[in-house]
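Residue numbers for the sequence shown follow numbering that gives the first Met the number 0, so the first one is 0 and each next one is one higher.
Don't be surprised by glycine CBs; every beta carbon is placed ideally from N, CA and C.
Note that the structure is predicted; figures quoted are calculated from it, not measured.
Everything on this sheet refers to the single structure shown next.
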Amino acid sequence: MNKSSQNRIHLHTTAISIIIVLSIITYLNCIPSQFIYDDTSTIVENRLIKDWKNFSTLFNHDYFKYSGELTYRPIVTLSYFIDYSLWHLNPIGYHIVNMALHTINVVLIYILILLLLHQYGKQAVLKRTSPHVDQIPPVRIAVLTCLLFTVHPVVSEVVNVISYREDLFAMILLIASFIFFLLGKKKGIIEPNNPFFHNPFQDTRETTPALPEHEAHKQLPTKSLFKSTVSLYIGALITYFLALHSKESAAVLPVLIFLFELLCNTQMQGKPATPVDGSAQKINQYSGGLVSKFVHVYLKKVFFILRAIPRVMPFTFFCGYIGITVVYLTIRFFIFHNPQEKIVYPEGSFYINLLTMTKVLGRYLTHIFLPLHLNADYHVLYLKTSWTPSFLIPLFLLISLIFIAIRLGKKAISGHFCSSRYGIFTRGDERAFVPPSNKDRISNNVTSGKYTIMIFAILWFFVSILPVMNIIPLANIMADRYLYLPVLGFCLFISTALAHMRIAIQYPVIILFILFFLILTVARNDIWRNEFTLWHKSSQSPWCSFTTYNNLGTQYNKKGYPDMALQCYQKALQKANEVGFSRYATVYYNIGNAYEKKGLLQQAVSAYKNAILIKPDYTQARNNLGKAYFTLGQYEDAFIEFNNTITIDPDFAYAYNNLGVLYSKLGKKDDALAAYKKALSLDPQYSDAYYNLGNIYEAKMQYDLALEAYQTAIKFNPTQVYVHNNLGTIYDKKGLVEDAIREYKHAIKLDPTYPYSYNNLGASLIKMGDMDGALIEFQKAVSLLPDQPDFHFNLGYMYLQKGNPDSALRELEVVREIAPNHAEALFSIGTIYYKQGDKEKARNIWQSVLRINPNHVKARKCLEMFMDK
């Protein structure tokens, strides 16, 4: 390896290392973040990814039912399978993977930019071939593009939210496919005159000069070249196919490659064909001489570009991309089309959609250039007229960008004409072709290449943003994550412009750009720390949507602040009405949940009914309405709602579970057992159903079956305190006291405020002879739940066993006050009175015990003792 190659390797290694380090530094503070936003449905509550037995679901229609995805994205869901097998529900591992995927993207972008610049640099566009031309190393533009992309704040949403990983995968695979294509071009194996990829539209009027005989064999394809050709070709198509199955927006790749080839081939063509001159002259003649010489020159350039189109792409290679796209569209819209994907244009009008998305595009451009008001969920008011600043200002901005692109295009083509084999100079009405000097040719090539790259960067942005411009209606018409692919065009544009600035200005501007974006991104990472922080911070922005307040209300409700939640839900309704969304069933459902937490069950019932009125097939609302009726003791109404839920969705396992609870309450144990088993047949990992099934078996004294049910419930959800507690009671009943104590202690560790575990632990410690330990546990149980009479009874019993009748009597009197018919407490009170010598009082107490329970053996024996005396 020569010294030049070593230097080149060292240069690229250093550049990639800088990129990787900056990527890690930028997103290091996102690693401790929790699951947020859609992560709950796609990961935390997604039972599909938690068992590899469900892998086949990726290839059938059950995918939409269990994956939590609205569209078919099996590559992303497969990554969740792998992640869960590695990290389970530890979010740190998932965030590390997202950060690693983003870093891979940045490295691939570096390679892509180098290959793009290499292709444009074939005619000394960016290479120094004369001392009169300033050198612009491709590595400088590639590194600067990657640095800007790494730290740009709009990228942070995709990296921080695990469930937006589809953008990361789509971009990795899209860029990989583009790289395969460019590598083929670099080797010269994907060219129009390559016999393996012949272009039938190639213009045969211009022929390549014949090579000397001793060099001709070098141009013939070898066996090795054929293998390399096939490998790159297959690799490009496979990665493109996988990119489409990561996210639909990857479909822009063939268009990007086409535009790249068009610009590249237009720049590298030779002298314009003579028919262009004739066409322009005819237009000039028919117009009565109104077409000036300037328009004549521009028309010549347009014809020059059009002439390059047939040479743009190796026909066979491009057909592969088209074929993959057609196959994917067939899969997407016919084979694996989600029947729930029923999204329409804003207010059902394409015209309103057009006006609104123009405003959205203007916001996107603002966020890319000045990312100061980013938000997790945007409030976008629909535009119904074009005579408003919200439409006119973005429209003016877009027209300005189009004008800039046209100007850059003119300069790029002009630079090419002046650097081709013949110079073009106009002398009055006469046109002459004068060969330019070598210095002028090289200088114009550099200028032409710069503008060509900038044009491609602009086209990259607008083409890659097309899939998210609501042409096909989207669930969210605006989101920062939609800019993950388009922002690369902005970074390339800015990098190219900065790279051509004077060094004295260039480096300070670059440093300011990177520091500005880096500070904003690191600060934005903290917003995604957890659900509450995300929605609380988002609600402080004037750009937040109604869903922001809805989600914030849900967080307040989870934290035990239902009043704050209700305030947020009212704001959500207000903002929803501003965009004409008056049928907001979800917020009424959440209002019902908040009222239920406050204990206002009648108001909860009204809220659930409002949700059902808006959306009659709202199974969650019907299910919760049934639960509210159950709590109110309206069992018949609860039964109706649970059955309505099952009628709407026969696979709704939660409704069967609740129906089983209702049957159990009504004493219909067999019906309850059947309902729980049905719920488990629909969802074999439904831990609550296993718990309820265990309760039925325990009530039937089928302890082995109860033990199996509880153990299975813990397998699928090890954090359920009440399951560990009940499992302890089964162990206790089977005589496995040590196992029972272990389960009670585990339950206490999971939830130190769960009183029943302390009470049961105390009872087991008595069996182990640990009276002091039992007394302590009973005292903890009473302190946590002072209204539970059994806890006071057990504590009183313990005091009695330890020879402290006064304390025992005090606790038993509390039981008598809370539950006057507690026979065992009354009997113990009578026993204490008897031992204290107050036999008449004891007899009266024991008589009351028999009135409550005529079969109480101990009380009867004590009274018989009185009669014998």
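Count the other CB atoms, across all protein chains shown, that sit within 10 Å of the CB of residue i; report buried if there are 16 or more and exposed otherwise.
i	result
C318	exposed
V856	exposed
A698	exposed
Y607	buried
W459	buried
G659	buried
E156	buried
M384	Contrary to the premise, residue 384 reads as Thr rather than Met in this sequence. Exposed, since its Cβ has fewer than 16 Cβ neighbours within 10 Å.
N691	buried
H87	exposed
H372	exposed
N820	exposed
Q619	buried
E839	exposed
A235	buried
M866	exposed
S40	exposed
P649	exposed
H60	exposed
Answer yes or no: do residue i and residue j have a C-beta to C-beta separation smaller than 9 Å?
i	j	result
G591	N623	yes
V586	I476	no
I828	E816	no
L77	N337	no
P393	G361	yes
I35	V160	yes
A478	Y377	yes
S756	F715	no
L497	I509	yes
P804	L784	no
I639	Y655	no
V105	I24	no
V251	P466	yes
L114	L182	yes
A584	N549	no
L927	F168	Lying outside 0 to 868, the shown extent of the chain, residue 927 is not represented and no answer is given.
K676	F629	no
Y363	N469	no
F148	L519	no
Y634	L599	no
L631	V604	yes
P561	Y588	no
I103	A141	no
I747	S763	no
Alpha carbons only, please: which of the options is nearest the one belonging to residue i?
i	options	result
R528	S32, E863, Y62	S32
F580	L565, V254, Y381	Y381
Q778	N609, I401, T752	T752
I171	A712, S538, Y483, I256	Y483
T495	K676, C145, A571, H101	C145
I401	P370, F461, V359	F461
E165	N97, D525, Q602, H117	N97
L354	I747, F390, I367	F390
G727	L706, M864, T711, I103	L706
C29	R842, I91, Y109	I91
Y798	L572, K52, D771, Y450	D771
Would DSSP call residue i helix, strand or coil?
i	result
Y377	strand
M864	helix
A272	Per-residue confidence for A272 stands at a pLDDT of 40, beneath the threshold of 50, marking its modelled position as unreliable; no derived number is given.
N6	helix
R139	helix
Tell me the start and end of each unbroken alpha helix (DSSP H) in the region 61 to 90 that is at least 4 residues and wholly inside, in chain order. You should have 61 to 66, 73 to 86.
Could I get the ranges of all uninterrupted beta strand (DSSP E) runs contained in the region 627 to 709, with 3 residues as the minimum, in chain order? Restricting attention to beta strand (DSSP E) runs no shorter than 3 residues, the region 627 to 709 encloses none.
Uninterrupted alpha helix (DSSP H) stretches inside the region 740 to 827 (no shorter than 4 residues): Positions of the alpha helix (DSSP H) runs, each at least 4 residues long and wholly inside the region 740 to 827, are given as 754 to 766, 770 to 783, 788 to 800, 804 to 817 in order along the chain.
At 4 residues or longer, and completely inside the region 139 to 176: list those alpha helix (DSSP H) runs for me, N to C. List check, alpha helix (DSSP H) in window: 155 to 159.
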